[in-house]
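Down below is the structure, laid out as structure tokens.
Residue numbers (my numbering), protein chains in the order written: chain A, 42 to 184; chain B, 42 to 184.
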């Protein structure tokens, strides 16, 4: 608990933003530069959901692929704090906030993970708290 | 407030699941049928993050594209309640839980939306609460 996982960084290209937005979040401010400049975002920016998906992928690479992850249960309090613009590089840390064994299913553990995603200027762009199911190493299994 | 928005339905194919998982959630239980059968999911199932993205898209089509949406602020209490398996059709409703004017920026409103996403058996697969920014129709603007 309290362990901090450093994430690798990902640079978000115009093509990535447009491809994702076309499928899942087709607003002009995620698809068209002129419309984006006229919007509250001030320029072409990723869908917030894409920022979340990229953060998840960074966590899989840095941590979840190394534990016996059985999938996510849900998350709390996702906040988009600043837009992720074309060419921005995002990264950050994930802190293990809680780790407990499931009371009903003691072979499973629930790990609570706090994301702090920042851009290349160290400005926070997204925070969220994810609850993820992991298989527990029992005495039998680790023998 | 209390208004219920009916979403269209989306059928989730094996190709959609694998394409999304490869990019954002590359676990064997989202990529490989044999590994998926041996997992807690019991078969090939979508990334929970994909279920969220598809739900967001259904909300854009049914509602957000018709109001002056300026983007999401964040999410609360997302829960994945059952896996979305290959061939499942998801849909559901979004209820307007709250609608208020921003105190600091009265030209903007914040709409709070409760998602209830279900599969073709009417079984809940995901719930979440989205806070979304919308432009307010002022007396001047609507004249």
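Glycine residues also receive a C-beta, built at the ideal position from the N, C-alpha and C atoms.
Query                                                                                                                         : Result
Neighbour-count burial assignment, residue 71 of chain B, 16 or more Cβ in a 10 Å radius                                      : buried
Complete runs of the alpha helix (DSSP H) confined to the stretch 53-93 of chain B [at least 4 residues]                      : 55-65, 69-72, 74-79
C-beta neighbour in chain B for residue 156 of chain A, strict 9 Å                                                            : no
Length at least 3, wholly inside the stretch 136-175 of chain B: the beta strand (DSSP E) runs in chain order                 : 149-159
Simplified DSSP state of residue 50 of chain B, which is helix, strand or coil                                                : strand
Residue 101 of chain A at chain B interface by Cβ criterion, 9 Å                                                              : yes
Bounding residues of the beta strand (DSSP E) (the contiguous stretch that carries residue 117 of chain A)                    : 110-121
Backbone secondary structure at residue 126 of chain A - three-state DSSP                                                     : strand
Cβ contact check for the stretch 133-148 of chain B and the stretch 131-146 of chain A: 3 or more pairs under 8 Å             : no
9 Å Cβ cutoff met for residue 117 of chain B and residue 66 of chain A                                                        : no
Span separating the alpha-carbon of residue 122 of chain A from that of residue 90 of chain A                                 : 13 Å
Near-chain A residues of the stretch 117-137 of chain B - C-beta to any C-beta below 7 Å                                      : 117, 118, 119, 120, 121
Residue 84 of chain B versus residue 149 of chain B - alpha carbon distance                                                   : 44 Å
Interfacial residues, the stretch 77-92 of chain B to chain A, with Cβ spacing under 9 Å                                      : 80, 81, 82, 86, 88, 89, 90, 91
Expected contact under 8 Å - CB spacing of residue 82 of chain A and residue 48 of chain A to nearest Å                       : The pair is not a contact, with the Cβ atoms about 24 Å apart (cut-off 8 Å).
Chain A within 9 Å of residue 73 of chain B, Cβ atoms only                                                                    : no
Touching by the beta-carbon criterion (3+ pairs, under 8 Å), the stretch 92-112 of chain B and the stretch 155-168 of chain B : yes
Residue 128 of chain B beta carbon less than 9 Å from that of residue 173 of chain B                                          : no
Contact under 9 Å by Cβ, residue 115 of chain B with residue 154 of chain B                                                   : no
Inter-residue Cα distance where the pair is residue 77 of chain A and residue 106 of chain B                                  : 15 Å
Contact check, residue 51 of chain B vs residue 167 of chain B, beta carbons under 9 Å                                        : no
Classification of residue 108 of chain A by the beta-carbon crowding that lies within 10 angstroms, buried from 16 upward     : exposed
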